[in-house]
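A.B. asks: These protein sequences, in sequence, are chains Y and S.
For the first sequence, numbering that gives the first Met the number 0 assigns the number 0 to the initial residue and increments by one for each residue that follows.
For the second sequence, numbering that gives the first Met the number 0 assigns the number 0 to the initial residue and increments by one for each residue that follows.
Note that beta-carbon positions come from the ideal geometry of N, C-alpha and C, so glycine has one too.
For clarity, every value in this text was computed on a predicted model and none was experimentally measured.
Pasting a structure below so you can have a look.
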Amino acid sequence: MRTGPELLERTAARARAAVRICGLFRRKPLGLVSLAWILGLIVLAFWAELVAPYGYDDFDIGRRLQGPSRDHPFGTDDQGRDVLSRVLFGARTTVVVGFSALAISVSLAAAVGVASGYIGGYVDLFIQRLVFICLAFPGLIFVIFVISIFGNSPATIILTVGFFFSFSMSRVVRAAVLTVRESPFIEAARALGAGSLGIVLRHVLPNVVPVILVVASSQVGSVILLESSLAFLGFGVPPPFPSWGRMLNEAQRFMVGHPHLALFPGLAIASTVFAFNFLGDFLRDVLDPRLRGQP
Amino acid sequence: MGRYFAYRLLSLIPTVVGVTVVVFVAVRFLPGDVVQQMLGEYGAASRELRERLLREYALDLSLPQQYARWVVNALRGDLGVSILSGRPVVEDLKQRLPVTFQLGVMALLIAWALALPVGILSALYQDSPLDYALRGLAIGLLALPTFWMALLIISYGFIFFGWTPPLRYYSLSEDPIRNLQILSIPAFVLGTHLSAIVMRLLRSTMLEVLRQDYVRTARAKGLPELVVVLRHALPNALIPVVTVIALQVPLLVGGTVIMERIFALPGMGNYLLSAVQQRDYPVVQAITLLSAVTVVASNFAVDLLYGALDPRIRYSER
Numbered sequence: 000m001r002t003g004p005e006l007l008e009r010t011a012a013r014a015r016a017a018v019r020i021c022g023l024f025r026r027k028p029l030g031l032v033s034l035a036w037i038l039g040l041i042v043l044a045f046w047a048e049l050v051a052p053y054g055y056d057d058f059d060i061g062r063r064l065q066g067p068s069r070d071h072p073f074g075t076d077d078q079g080r081d082v083l084s085r086v087l088f089g090a091r092t093t094v095v096v097g098f099s100a101l102a103i104s105v106s107l108a109a110a111v112g113v114a115s116g117y118i119g120g121y122v123d124l125f126i127q128r129l130v131f132i133c134l135a136f137p138g139l140i141f142v143i144f145v146i147s148i149f150g151n152s153p154a155t156i157i158l159t160v161g162f163f164f165s166f167s168m169s170r171v172v173r174a175a176v177l178t179v180r181e182s183p184f185i186e187a188a189r190a191l192g193a194g195s196l197g198i199v200l201r202h203v204l205p206n207v208v209p210v211i212l213v214v215a216s217s218q219v220g221s222v223i224l225l226e227s228s229l230a231f232l233g234f235g236v237p238p239p240f241p242s243w244g245r246m247l248n249e250a251q252r253f254m255v256g257h258p259h260l261a262l263f264p265g266l267a268i269a270s271t272v273f274a275f276n277f278l279g280d281f282l283r284d285v286l287d288p289r290l291r292g293q294p
Numbered sequence: 000m001g002r003y004f005a006y007r008l009l010s011l012i013p014t015v016v017g018v019t020v021v022v023f024v025a026v027r028f029l030p031g032d033v034v035q036q037m038l039g040e041y042g043a044a045s046r047e048l049r050e051r052l053l054r055e056y057a058l059d060l061s062l063p064q065q066y067a068r069w070v071v072n073a074l075r076g077d078l079g080v081s082i083l084s085g086r087p088v089v090e091d092l093k094q095r096l097p098v099t100f101q102l103g104v105m106a107l108l109i110a111w112a113l114a115l116p117v118g119i120l121s122a123l124y125q126d127s128p129l130d131y132a133l134r135g136l137a138i139g140l141l142a143l144p145t146f147w148m149a150l151l152i153i154s155y156g157f158i159f160f161g162w163t164p165p166l167r168y169y170s171l172s173e174d175p176i177r178n179l180q181i182l183s184i185p186a187f188v189l190g191t192h193l194s195a196i197v198m199r200l201l202r203s204t205m206l207e208v209l210r211q212d213y214v215r216t217a218r219a220k221g222l223p224e225l226v227v228v229l230r231h232a233l234p235n236a237l238i239p240v241v242t243v244i245a246l247q248v249p250l251l252v253g254g255t256v257i258m259e260r261i262f263a264l265p266g267m268g269n270y271l272l273s274a275v276q277q278r279d280y281p282v283v284q285a286i287t288l289l290s291a292v293t294v295v296a297s298n299f300a301v302d303l304l305y306g307a308l309d310p311r312i313r314y315s316e317r
């Protein structure tokens, strides 16, 4: 049971946090806009059927390659499919692939970073060597290399992209763990007889969660860019389900004379990456005051 | 400086060895072996042919032996033979690398040429509308996918200027002017994307340097503002920014693949993509290895440059 004063203190703390976040939103309204955009995207990913005026694969050859009109605000593609609907359904690909890859990289980075930072010694040295080796590969080349061997199923792409982003993230987590490890409260917990696993789960991990969140949010934009680059090069979810990157790939043959084919899917990618980058900066301001004002 | 150099050089070895192991081992995960892949292309083949190929690719040796052979050959400049063309991979790369290299260098130059004035102006006019506009530009550029930018230039370039990307590639020695015309647009697209990171970092280091005492001294002794900024502040602000090159090189290697595909340039990236499509593993392996080594080498170069520019760095390394 919580006692009265404790409850009061907690409520007050929550209110202060709420006020601070509202103030931040007022100073950085774009943070709020970005958040709204991303929430809209997630909603769309689940319920594109309800919003999109047509299905993603409803073709009408008689209406192929039309410019934007009242019936088709974003125009139609070479098979007469509605570009707006395909962009809306494409949000699902971006959200599913992007977030699954992010989830994989965050959990992997947390596990590797905490293990490396907390255990230290030769384990740390060994893990860091491995991370350095993996970091030597350029992202796009790394993923293409792996895909060329294991095939380009969506699962392989998600795993590989997630794996790739975990390298650099784990470095940040490790650095945070190194500072937490030396804190007096860890020593206190150890003096009280807590085991290593207990210390890691109960004391170290909660203290590096803000860092993990900040790093993760700053990487979403890059994850989405990499995913759409791969789709653009022809490695991604199989057709006919749309992804923004592949829509741009398909646009290439007809875009001279039909620029709307290239315009709208790219606009969707750019604004989504922009929103995630902005939200990342914003989250960093909220969660990690020490980093405030840095680029 | 000598010790710093030696220390850095030695620490490269495990990374490079690790990279070769990763590339070598990953390809062994292929279902079957390379020979089976090759024979698969041409249907059933005689046992004799299979055994001859096995020996040719040294697949009859043990894995460590194969690895050693592969590394020794790579050090000698032999990266294997393309399954598809039957030519040594190195021969193909000799023709293709200059294109990619030139594109990359041009993109880097454009990135820095764009970023320097923007970063300086943004810091000098901190919190002015100009600063906000330039910072907005930088954040916007970071979010722009390069392939989208390239497609927009192609599709709207045609509408407004009647411009289409040239169909035939001319090398620098063949026709320098045409070559620069062809490469300038993909280099510009890559360069603008890369410049955003430099802009943001230079702005913040510039702001820090401009607050230093020696800048105030320079101003107090009556130096013109241009001299203060360019000769006293900028060199010091640039030191940490130089490390960004190490971040840019991996992005650049990936970026050239995309640009070469869009603009049909006969570079390494296009070679890689067609090799992946046709399962030409010696080529895929060679290019992956080469790009990882490029990244490691550029990190090393940046480390050296950083040590040369900032004596504090090389003394802290014991």
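Pick helix, strand or coil for Thr-75 of chain Y, following the three-state DSSP scheme.
C.D. replies: Thr-75 of chain Y falls in the strand class under three-state DSSP.
A.B. asks: Pull up the distance between the alpha-carbon of Arg-177 of chain S and that of Leu-171 of chain S, whole angstroms please.
C.D. replies: The alpha-carbon atoms of Arg-177 of chain S and Leu-171 of chain S are separated by roughly 8 Å.
A.B. asks: What residue from Y:Gly-235, Y:Ala-108 and Y:Asn-248 has the CA that sits closest to Gly-97 of chain Y's CA?
C.D. replies: Ranking Y:Gly-235, Y:Ala-108 and Y:Asn-248 by Cα distance to Gly-97 of chain Y puts Y:Gly-235 first.
A.B. asks: In whole angstroms, give me the CA-to-CA distance for Ala-193 of chain Y and Leu-212 of chain Y.
C.D. replies: Ala-193 of chain Y and Leu-212 of chain Y: Cα-Cα distance of roughly 27 Å.
A.B. asks: Any beta carbon from chain S within less than 8 Å of Gln-251 of chain Y's own beta carbon?
C.D. replies: It does; some Cβ of chain S falls within 8 Å.
A.B. asks: Ala-269 of chain Y touches chain S at which residues, Cβ-Cβ below 7 Å?
C.D. replies: The contacting residues are Ala-142, Leu-143, Pro-144 and Trp-147.
A.B. asks: Could you list which residues in chain S have their beta carbon closer than 8 Å to that of Met-168 of chain Y, in chain order?
C.D. replies: Per Cβ cutoff of 8 Å: no residues; Met-168 of chain Y is ~15 Å from chain S at best.
A.B. asks: Among residues of its own chain, excluding the 5 on either side of Asp-341 of chain Y, which ones have a beta-carbon nearer than 6 Å to its beta-carbon?
C.D. replies: With chain Y running from 0 to 294 in the structure shown, residue 341 of chain Y is simply not present.
A.B. asks: From the beta carbon of Pro-116 of chain S, is the nearest beta carbon of chain Y less than 8 Å away?
C.D. replies: Not an interface residue.
A.B. asks: Counting beta carbon pairs with one atom in the region 271-284 of chain Y and one in the region 214-224 of chain Y, are three or more of them shorter than 8 Å?
C.D. replies: The answer is yes - the region 271-284 of chain Y touches the region 214-224 of chain Y, with three or more Cβ pairs under 8 Å.
A.B. asks: Counting beta carbon pairs with one atom in the region 79-86 of chain Y and one in the region 263-270 of chain Y, are three or more of them shorter than 8 Å?
C.D. replies: Flag = yes, the region 263-270 of chain Y and the region 79-86 of chain Y touch.
A.B. asks: Would you report the Cα separation of Ser-33 of chain Y and Ala-195 of chain S, rounded to the nearest angstrom?
C.D. replies: Their backbone Cα atoms lie some 20 Å apart in a straight line.
A.B. asks: Does Asn-28 of chain S have its Cβ less than 8 Å from a Cβ in chain Y?
C.D. replies: The question names Asn, but residue 28 of chain S in the sequence shown is Phe. Cβ-Cβ to chain Y under 8 Å: yes for Phe-28 of chain S.
A.B. asks: Secondary structure at Val-255 of chain Y, three-state DSSP: helix, strand or coil?
C.D. replies: Val-255 of chain Y falls in the coil class under three-state DSSP.
A.B. asks: Compare the C-beta of Tyr-3 of chain S with all C-beta atoms of chain Y and state if any pair is closer than 8 Å.
C.D. replies: Tyr-3 of chain S does not count as touching chain Y.
A.B. asks: Pull up the distance between the alpha-carbon of Leu-108 of chain S and that of Leu-225 of chain S, whole angstroms please.
C.D. replies: So the two alpha carbons sit approximately 23 Å from each other.
A.B. asks: For Pro-97 of chain S, which of helix, strand or coil comes out of DSSP?
C.D. replies: Helix.
A.B. asks: Taking DSSP's pairing of strands, which residues face Val-324 of chain S in a bridge?
C.D. replies: Not covered by the structure: residue 324 of chain S. The range shown for chain S is 0 to 317.
A.B. asks: I want to check one thing, is the minimum distance from the CB of Gln-277 of chain S to the heavy atoms of the ligand GDP below 7 Å?
C.D. replies: This structure does not include the ligand GDP; it has no bound ligands of any sort.
A.B. asks: Whole angstroms are fine: how far does the CA of Val-20 of chain S sit from the CA of Leu-209 of chain S?
C.D. replies: Cα to Cα, Leu-209 of chain S sits roughly 47 Å from Val-20 of chain S.
A.B. asks: Should Val-241 of chain S be flagged as near chain Y, meaning a C-beta pair shorter than 8 Å?
C.D. replies: Judged by the 8 Å Cβ criterion, Val-241 of chain S is not in contact with chain Y.
A.B. asks: Who does Asp-81 of chain Y pair with in a DSSP beta bridge?
C.D. replies: According to DSSP, which records beta bridges pairwise, Asp-81 of chain Y is partnered with Y:Thr-75.
A.B. asks: When you compare each of S:Leu-200, S:His-192, S:Leu-271 and S:Tyr-305 to Ile-238 of chain S by their alpha carbons, which one comes out closest?
C.D. replies: With distances taken between Cα atoms, Ile-238 of chain S lies closest to S:Tyr-305.
A.B. asks: If we call anything under 8 Å between Cβ atoms a contact, is Leu-107 of chain Y one with Ala-51 of chain Y?
C.D. replies: The answer is no: Cβ separation not under 8 Å.
A.B. asks: Comparing the C-beta of Val-214 of chain Y with each C-beta of chain S, is any distance below 8 Å?
C.D. replies: Cβ-Cβ to chain S under 8 Å: no for Val-214 of chain Y.
A.B. asks: Once DSSP output is grouped into helix, strand and coil, what is the label at Phe-240 of chain Y?
C.D. replies: Coil at Phe-240 of chain Y, not helix or strand.
A.B. asks: Along the chain, where does the alpha helix (DSSP H) containing Phe-166 of chain Y start, and where does it finish?
C.D. replies: Unbroken alpha helix (DSSP H) run through Phe-166 of chain Y: 153-180.
A.B. asks: Would you please state the rounded distance, in angstroms, between the beta carbons of Ala-90 of chain Y and Leu-31 of chain Y? I believe it to be under 8 Å.
C.D. replies: Not quite, the Cβ-Cβ distance comes to about 20 Å (not below 8 Å), so this is no contact.
A.B. asks: Compute the Euclidean distance between the alpha carbons of Gly-138 of chain Y and Leu-229 of chain Y, then round it to the nearest angstrom.
C.D. replies: Roughly 10 Å separates the two Cα atoms.
A.B. asks: Thinking C-alpha only, which one of Y:Leu-40, Y:Ile-223, Y:Leu-286 and Y:Leu-38 is nearest Ile-157 of chain Y?
C.D. replies: Here the closest residue by C-alpha is Y:Ile-223.
A.B. asks: Tell me which same chain residues have a C-beta within less than 8 Å of the C-beta of Leu-288 of chain S, skipping the five on either side of it?
C.D. replies: Cβ within range, chain order: Val-18, Thr-19, Val-22, Ala-73 and Leu-78.
A.B. asks: So what's Phe-159 of chain S in DSSP terms, helix, strand or just coil?
C.D. replies: Here Phe-159 of chain S sits in helix by DSSP.
A.B. asks: Is the Cβ-Cβ distance between Val-171 of chain Y and Val-130 of chain Y less than 8 Å?
C.D. replies: No, the pair does not count as a contact, with Cβ atoms beyond the cut-off.
A.B. asks: Examine chain Y for any beta-carbon lying closer than 8 Å to the beta-carbon of Phe-187 of chain S, and answer yes or no.
C.D. replies: No, Phe-187 of chain S does not count as interfacial toward chain Y.
A.B. asks: Taking the Cβ atom as the reference point for each residue, do Val-214 of chain S and Ala-232 of chain S lie within a distance shorter than 8 Å?
C.D. replies: Yes, these two residues count as a Cβ contact at 8 Å.
A.B. asks: Could you check which residue in S:Phe-159, S:Val-283 and S:Arg-68 has the C-alpha nearest to that of Met-267 of chain S?
C.D. replies: Nearest option by C-alpha distance: S:Val-283.
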